[in-house]
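Numbers given in our numbering equal positions in the sequence shown, counted from 1, plus 73.
Each residue gets a CB set at the ideal place from its N, CA and C atoms; glycine is no exception.
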Amino acid sequence: MEFNDFSTHDSHKKPSMSVLRDLIPYMRTVKGILVATMIYLLIATLTSTIVPLLLKTAIDDYIVPKDFQGLLMIGLYSLLLVLGTYVFQYLGTYYSFVAAQKIVLDLRRDIFHKLLTLSNRYLGKTPLGVIITRTTNDTEKLSELMSSGAVQLINDAILLIVTLFFLFSTNVTLSLYSLCLTPLVIWSVVFFSKLLRKSYDLARNKLTQLNINLQENLSGISIIKIFNRQAKNRTYFDSISEAYGNSTYTALKQHTYFNQTINICSFLSRITVVVAGSYMVIKGTSTIGTLTAFLFWVNYFYQPLRDMGERFNILQDAASSMGKIGNILHCDEVIPDKALPSPKAPVFEGKIEFKDVVFRYSEEKKILKHVSFTIEPSQRIALVGPTGAGKSTIMNILLRLFDIESGSVLIDGIDIQSIPLQELRSNMSIVLQDVFIFKGTVMENITLGQDIPEEKIIEASRYLNAHPFISALSKGYHTQLSSEGSNLSHGQKQLISFIRALVHNPRILLLDEATSSVDTYTEKLIQEGINKLMQGRTSIAIAHRLSTITSCDQIFVIDQGKIIEKGNHDELLAKKGFYYDLYTTQFQDSL
């Protein structure tokens, strides 16, 4: 199953480092830890670069003159510096990881909170695999930036400056010899950084494709098996996996070339120091201690250069990841909730008005075309019409899962866009054809985290004749349900969704093809409970069964986004119009 890659549309753009400014608010929460990290690493850098100076002193001032007592003292100082280097390096590394994990934790929390506010329009067009990649893989890139990228890059720069200071302050001529290959090293850093940035960006995009395809295949595994698509899907997955592997291999190969280039330059520089330094020692213009110290400092000089290419790539990766995360955090495709919830949410009477409502999911096609109707409090309304006519859209608009393009939707004379979302939705319940069951107990799936007495839940279950099957489960209402309710039948999940709607005591009840997946016997069991549930409530049902239609006060017939007929069952049959044709072809079989 192929798809458009939602993550690679900007894969050829160089990520702007400015997007990392979005990290600043998160860094402020751990600024104390970051400052401590910098201090620890700075001390570790200084102590490590002083050790060669002590070694030079030990050779020139104590070993050559054969001053054993002074040598012991220098050795003790060197040991203390080495131990201090390791201690402060450990503290700096540890606290950089602490800061990184705290930042990533806060960032993932904000991503998830933002996802809860985004509109269904955005979530519907964005593959789940992309969202998962943003929340996991991309945040890990930022963790890598904080733990071994930005902080270590600063540390590398400090090490480079301090090393150059010691080199030139000790012997300028030998310093120039030791740094003769620096232009080649700088060219390698710039050249390979560009290559690695493209390679790692490509590898990351391939990983996103892999995640999307994996999520899609696991979600549709039953369809894949039923329609014998295993071989095709296996082949396509293998091709994506191979592309990801090849892109990763290319990046690793280039990284290896870069490292080896730096290693060769470092080795040649040390050889140059040995040859030139030895000549200078023979001529008396340098000392053996200086030569020894230079070998250490040259290694210190190349170490940050070797790391800088990787650090810059980490920065580029983090910038790219932060840019994609920022697309979520700064996304304005949200349902605006301007009003604040009242301390005590008002109870609706349940009058619903649609006034000249126009709605479309995309620019191509209007779904609702100037729809107007009024539903009085406690009325029972059925929506009928062909697939795609706009029946479910009306319910989605009522719940403000989507906002309309023009017109107005009123409840009790108040525009729903001025009603706080929490208050609006707390007065409604919806039962869907495809019931989602969370991993948890039956009780938890009914209450959805609300504080509802168990007695009320059992009472609602008896209303819907669901109490016998729930009681028969291993632990009754406290039976653990598997992910998506795979240990329940479809009818049982449907009954749980009815209980879920009933116990929340809605003023407006929405039934979206609520009994279309329930067998006739089960439907008869719950129909009495539904009738009780509808008593005194405004209810709208998308009808696919005759029993749902005949008990309704009014039926709205929808076709191509317009209400073309309305009336009760008998009135519409007498007209012998669209509803009559629909009834005789679609509903009569349920007699």
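Reduced DSSP secondary structure (H/G/I, E/B, other) of residue i
{"i": "Asp476", "result": "coil"}
{"i": "Glu436", "result": "coil"}
{"i": "Gln627", "result": "strand"}
{"i": "Leu93", "result": "helix"}
{"i": "Leu655", "result": "helix"}
{"i": "Leu280", "result": "helix"}
{"i": "Ala647", "result": "helix"}
{"i": "Glu449", "result": "coil"}
{"i": "Leu554", "result": "strand"}
{"i": "Glu422", "result": "coil"}
{"i": "His443", "result": "strand"}
{"i": "Lys139", "result": "coil"}
{"i": "Leu456", "result": "strand"}
{"i": "Ser559", "result": "coil"}
{"i": "Phe265", "result": "helix"}
{"i": "Ser192", "result": "coil"}
{"i": "Ser502", "result": "strand"}
{"i": "Ser393", "result": "helix"}
{"i": "Tyr427", "result": "Note on residue identity: the sequence assigns Phe, not Tyr, to residue 427. Three-state result, Phe427: strand."}
{"i": "Thr199", "result": "coil"}
{"i": "Thr360", "result": "coil"}
{"i": "Thr514", "result": "strand"}
{"i": "Ile116", "result": "helix"}
{"i": "Gly640", "result": "strand"}
{"i": "Val245", "result": "helix"}
{"i": "Ser547", "result": "coil"}
{"i": "Leu254", "result": "coil"}
{"i": "Val482", "result": "strand"}
Residue i, buried or exposed, once every other Cβ within 10 Å from all chains shown has been counted against 16
{"i": "Gln333", "result": "exposed"}
{"i": "Trp260", "result": "exposed"}
{"i": "Val347", "result": "exposed"}
{"i": "Lys214", "result": "buried"}
{"i": "Asp380", "result": "buried"}
{"i": "Cys253", "result": "exposed"}
{"i": "Gly197", "result": "exposed"}
{"i": "Pro138", "result": "exposed"}
{"i": "Met219", "result": "buried"}
{"i": "Asp390", "result": "buried"}
{"i": "Glu638", "result": "buried"}
{"i": "Glu644", "result": "exposed"}
{"i": "Leu93", "result": "buried"}
{"i": "Phe331", "result": "buried"}
{"i": "Glu478", "result": "exposed"}
{"i": "Phe432", "result": "buried"}
{"i": "Arg384", "result": "buried"}
{"i": "Phe76", "result": "Residue placement at Phe76 cannot be trusted, given a pLDDT of 41 that sits under 50; the coordinates are not used to answer."}
{"i": "Val224", "result": "buried"}
{"i": "Ser342", "result": "buried"}
{"i": "Phe300", "result": "exposed"}
Residue i and residue j closer than 8 Å at C-beta
{"i": "Lys442", "j": "Gly634", "result": "yes"}
{"i": "Thr323", "j": "Ser272", "result": "yes"}
{"i": "Tyr373", "j": "Thr122", "result": "yes"}
{"i": "Val457", "j": "Tyr652", "result": "yes"}
{"i": "Ser339", "j": "Gly350", "result": "no"}
{"i": "Tyr434", "j": "Arg101", "result": "no"}
{"i": "Leu269", "j": "Asn386", "result": "yes"}
{"i": "Ile572", "j": "Ala545", "result": "no"}
{"i": "Val177", "j": "Thr206", "result": "no"}
{"i": "Ile408", "j": "Ile425", "result": "no"}
{"i": "Gly480", "j": "Lys428", "result": "yes"}
{"i": "Ser251", "j": "Val371", "result": "yes"}
{"i": "Val576", "j": "Ile543", "result": "no"}
{"i": "Ile147", "j": "Ile401", "result": "no"}
{"i": "Leu483", "j": "Ile503", "result": "no"}
{"i": "Ser320", "j": "Leu283", "result": "no"}
{"i": "Leu119", "j": "Val235", "result": "yes"}
{"i": "Gly165", "j": "Tyr113", "result": "yes"}
{"i": "Thr623", "j": "Gln452", "result": "no"}
{"i": "Asn500", "j": "Arg580", "result": "yes"}
{"i": "Val258", "j": "Leu378", "result": "yes"}
{"i": "Tyr550", "j": "Glu528", "result": "no"}
{"i": "Thr363", "j": "Thr243", "result": "yes"}
{"i": "Gln288", "j": "Leu201", "result": "yes"}
{"i": "Phe310", "j": "Asn290", "result": "yes"}
Discussion item. I'd like to know if the segment 499 to 516 and the segment 564 to 578 are in contact, where contact means that at least 3 CB-CB pairs between them fall below 8 Å.
Written reply: yes
Worksheet entry | Validate contact between the segment 382 to 397 and the segment 273 to 284 using beta carbons, cut 8 Å, 3 pairs | yes
Worksheet item: Would you call the segment 157 to 169 and the segment 126 to 140 touching, i.e. three or more CB-CB distances under 8 Å?
Response: no
Worksheet item: Quick one: complete beta strand (DSSP E) runs, 3+ long, within the segment 266 to 340?
Response: none
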